[in-house]
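Chemist: Dropping the structure in here first, questions after.
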Amino acid sequence: MTVQQHERISLHISHDRPYIDLRINTPRGYSRMARFLVDTAGLALIFTEALVQDLELPLLDEPFLFTDEPVFRRLRPPTLAVGPYTLDLSHTTALMAVGTCSLFSGEAVDGILPCRLLSSYCVLLDYPAETFSLSLTSSLAMVGEPVPISTHPQSRFLRVEATIAGNQYGLLLDTGASCTMISAAVMQTWEQQFAAWPRAQAAVGTANMGTPGEEDAIMMRIPRATLGSLLLREITVVSRPAGMFEEHRSRFMTSPIVGCLAGNVLRQFRIEIDYRHEMTYWEWCGASYPYDMDLVGLTLSLNTDHSYYVTAVSDCNYACVKQSVRVGDRLLQIDGLIVTGLPLPAVINALRGSPGQHYTLLLEREGELRSVSVAAARII
Numbered sequence: 000m001t002v003q004q005h006e007r008i009s010l011h012i013s014h015d016r017p018y019i020d021l022r023i024n025t026p027r028g029y030s031r032m033a034r035f036l037v038d039t040a041g042l043a044l045i046f047t048e049a050l051v052q053d054l055e056l057p058l059l060d061e062p063f064l065f066t067d068e069p070v071f072r073r074l075r076p077p078t079l080a081v082g083p084y085t086l087d088l089s090h091t092t093a094l095m096a097v098g099t100c101s102l103f104s105g106e107a108v109d110g111i112l113p114c115r116l117l118s119s120y121c122v123l124l125d126y127p128a129e130t131f132s133l134s135l136t137s138s139l140a141m142v143g144e145p146v147p148i149s150t151h152p153q154s155r156f157l158r159v160e161a162t163i164a165g166n167q168y169g170l171l172l173d174t175g176a177s178c179t180m181i182s183a184a185v186m187q188t189w190e191q192q193f194a195a196w197p198r199a200q201a202a203v204g205t206a207n208m209g210t211p212g213e214e215d216a217i218m219m220r221i222p223r224a225t226l227g228s229l230l231l232r233e234i235t236v237v238s239r240p241a242g243m244f245e246e247h248r249s250r251f252m253t254s255p256i257v258g259c260l261a262g263n264v265l266r267q268f269r270i271e272i273d274y275r276h277e278m279t280y281w282e283w284c285g286a287s288y289p290y291d292m293d294l295v296g297l298t299l300s301l302n303t304d305h306s307y308y309v310t311a312v313s314d315c316n317y318a319c320v321k322q323s324v325r326v327g328d329r330l331l332q333i334d335g336l337i338v339t340g341l342p343l344p345a346v347i348n349a350l351r352g353s354p355g356q357h358y359t360l361l362l363e364r365e366g367e368l369r370s371v372s373v374a375a376a377r378i379i
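Each residue of the sequence shown is one higher than the one before, starting from 0 at the first, in numbering that gives the first Met the number 0.
Structure follows, in structure tokens:
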């Protein structure tokens, strides 16, 4: 049976990314639940190696590189169900990420549900109500502001047009990213034109997604943008190297893009995506605090022993942070909370607070333990 109507299930939000629990059934009769990221910018249905081994799924060929890393192997997918309804996987590429237990730092994520699979349906992502559903037709009332999209016929990536400071920019609609990303070339232009827009060095908070190069990123707060008639306010964006979107990602889009619109914006809305008619509907349901970067501004990376180390200290921290914390420090505790083994979002959330709120960090530096007092700041 395929999806016939909207059947709502729970949507789990972590680090502004949306996850759902799918029922997996194998040909051998084994059944279990697994947590998958809903990724409108994903190209393939991806399973962790740990999940594939547990399900005893057969692999189809030798390892190959799907992007840069890790190595992937093709597999014959099991049956996936959203609630009581079985998904149509007939045109979906299924891959195993070799050597993985999870697909994100410290989080229990078993797989990725890609845009090619999602594009067979109307998709409802209600972030504030934490519900998700699929349908073959848009059976719900189309609530909210209509925002046109264009869908690439092969990749099925979604492109929206944003107007910022009087100029139009193409953006990828990316539910799989935590923070809205913009080409560094565009952000350099904005920095020259709009000196009053808050900016900071290094990716912190939800912009800290555990990807390489975040210590060199720039963050900025855009006062307003529009998607058609939809108004967005106080948008945090983080830079990505020039060419990543303009050259690489634009190959998968109907027209060029300079970035992506991600979870830190999407979380405020109930969004219905009608792929067939290339239209989305956005209902603002949030009462979200506009200053989402009030925290101790540290860029963190995960060690192989599941501890965290500091790769950058934001220049917009208070002096007590910049004087007490150094790049390379291992972060062991936040106000007595042991962070080793915790998911990255939990560690970042433990660093959040009103500007001036104090925390005690336990650090390890060159084999010595150091207890330091720091304070949260409004980074941007």
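Glycine is no exception: its CB is placed at the ideal position from the N, C-alpha and C atoms.
1) Which whole-angstrom value is the C-beta distance of I337 and L331, which I expect to be below 8 Å?
2) Would you list the one or two residues that DSSP bridges to L361?
3) Would you tell me roughly how many angstroms separate the C-alpha atoms of L116 and D334, rounded to the nearest one?
4) Where does Q3 land, buried or exposed, given buried means 16+ other C-beta within 10 angstroms?
5) P83 lies in the beta strand (DSSP E); which residues open and close that run?
6) Whole beta strand (DSSP E) runs in the region 116-149 with 3 or more residues, listed along the chain?
7) Throw me the rounded Cβ distance for the L59 and L170 pair, which I believe falls under 8 Å.
8) Flag this pair as touching only if the region 121-135 and the region 44-63 have three or more C-beta atom pairs under 8 Å; answer yes or no.
9) Pull up the distance between the alpha-carbon of T205 and that of P26, whole angstroms please.
10) Would DSSP call P26 helix, strand or coil?
11) Can you list, in chain order, the residues of its chain whose CB lies under 8 Å from that of T1, leaving out five sequence neighbours each side?
12) To the nearest angstrom, how far is the alpha carbon of F35 from that of R75?
13) So T174 and D38 are in contact, right, with Cβ under 8 Å, and what is the actual spacing, rounded?
14) Checking 9 Å against the spacing of the C-beta atoms, do A161 and A311 come in under that value?
15) Can at least three beta-carbon pairs, one atom from the region 106-125 and one from the region 237-249, be found at a separation below 8 Å?
16) Just to confirm, is the Cβ distance from V142 to E282 under 9 Å?
17) Along the chain, where does the alpha helix (DSSP H) that runs through N263 open and close?
18) Pop quiz: L124 and I270 are said to be a contact at Cβ under 8 Å. What is the actual Cβ separation, rounded to whole angstroms?
19) To the nearest angstrom, how far is it from the Cα of H357 to the Cα of T99?
20) Mind checking which residues open and close the beta strand (DSSP E) that includes M219?
21) Ends of the beta strand (DSSP E) at V185?
22) Tell me which residue opens and which closes the alpha helix (DSSP H) that A318 is part of.
23) Tell me the rounded alpha-carbon separation between R369 and L362.
24) Please confirm if the region 178-185 is in contact with the region 292-307, defined as three or more CB-CB distances below 8 Å between the two stretches.
25) Buried or exposed for Q267, please, with buried defined as at least 16 other CB atoms from any protein chain shown within 10 angstroms of its CB.
Modeler: With the given structure in hand:
1) As a first step, residue 337 is located in the sequence shown; it is residue number 338 there, counting from the start. As a first step, residue 331 is located in the sequence shown; it is residue number 332 there, counting from the start. Correct: roughly 7 Å between the Cβ atoms.
2) Position 362 of the sequence shown, counted from the first residue, corresponds to residue 361. When DSSP reads this structure, L361 sits in a beta bridge with Q332 and S370.
3) By 1-based counting over the sequence shown, the position of residue 116 is 117. By 1-based counting over the sequence shown, the position of residue 334 is 335. Going by the C-alpha atoms only, they are around 43 Å apart.
4) For the purposes of this step, residue 3 is taken as residue 4 along the sequence shown, with counting starting at 1. Confidence is the limiting factor: at Q3 the pLDDT is only 44, short of 50, which leaves the residue's position unreliable, though a coordinate-based value still follows. Burial state of Q3 is exposed, judged by a 10 Å Cβ sphere holding fewer than 16 other Cβ atoms.
5) Sequence index remark: in the sequence shown, residue 83 carries index 84 (1-based). In this chain, P83 is not harboured by any beta strand (DSSP E), its DSSP state being neither H nor E.
6) Listed in chain order, the complete beta strand (DSSP E) runs (minimum 3 residues) inside the region 116-149 are 121-125, 130-134 and 144-147.
7) For the purposes of this step, residue 59 is identified with residue 60 of the sequence shown, where counting begins at 1. For the purposes of this step, residue 170 is identified with residue 171 of the sequence shown, where counting begins at 1. About 35 Å; that fails the 8 Å criterion.
8) Touching, no, given that fewer than three Cβ pairs across the two stretches are closer than 8 Å.
9) Here residue 205 is taken as the residue at index 206 of the sequence shown, counted from 1. Here residue 26 is taken as the residue at index 27 of the sequence shown, counted from 1. Roughly 39 Å separates the two Cα atoms.
10) The residue you call residue 26 lines up with position 27 of the sequence shown. Here DSSP, grouped into helix, strand and coil, assigns P26 to coil.
11) Taking the first residue of the sequence shown as position 1, residue 1 is located at position 2. Residue confidence for T1 is low, a pLDDT of 41 falling below 50, so the modelled location carries little weight; the figure read from the coordinates is stated next. Within the same chain, T1 has close Cβ partners Y84, T85, L86, D87 and L135.
12) Translated into positions along the sequence shown, residue 35 becomes position 36. Translated into positions along the sequence shown, residue 75 becomes position 76. In this structure, the alpha-carbon of F35 lies about 17 Å from that of R75.
13) Walking along the sequence shown from the start, residue 174 turns up at place 175. Walking along the sequence shown from the start, residue 38 turns up at place 39. About 6 Å separates the two Cβ atoms, so the contact holds.
14) As a first step, residue 161 must be located in the sequence shown, where it is residue number 162. As a first step, residue 311 must be located in the sequence shown, where it is residue number 312. Not a contact, by the Cβ cut-off of 9 Å.
15) No: the two stretches stay apart, fewer than three of their Cβ pairs being nearer than 8 Å.
16) The residue given as residue 142 occupies position 143 in the sequence shown. The residue given as residue 282 occupies position 283 in the sequence shown. One thing to note: V142 has its Cβ within 9 Å of the Cβ of E282.
17) As a position in the sequence shown, residue 263 is number 264, starting the count at 1. Start and end: G262 to L265.
18) Position 125 of the sequence shown, counted from the start, is the residue given in the question as residue 124. Position 271 of the sequence shown, counted from the start, is the residue given in the question as residue 270. Contact between L124 and I270 holds: their C-beta atoms lie close to 5 Å from each other, under 8 Å.
19) Working through the sequence shown from its first residue, we reach residue 357 at position 358. Working through the sequence shown from its first residue, we reach residue 99 at position 100. If you take the alpha carbons of H357 and T99, they lie about 37 Å apart.
20) As a working note, residue 219 is residue 220 in the sequence shown. Run containing M219: I217 to L226, per the beta strand (DSSP E) assignment.
21) In the sequence shown, counting from the first residue as 1, residue 185 sits at position 186. No beta strand (DSSP E) contains V185, which is instead part of the alpha helix (DSSP H) from A183 to Q192.
22) Indexing the sequence shown from 1 puts residue 318 at position 319. Segment A318 to S323, the alpha helix (DSSP H) holding A318.
23) Translated into the one-based positions of the sequence shown, residue 369 becomes position 370. Translated into the one-based positions of the sequence shown, residue 362 becomes position 363. Going by C-alpha positions, R369 is about 5 Å away from L362.
24) Touching, no, given that fewer than three Cβ pairs across the two stretches are closer than 8 Å.
25) Within the sequence shown, numbered from 1, the residue matching residue 267 stands at position 268. Q267 comes out buried.
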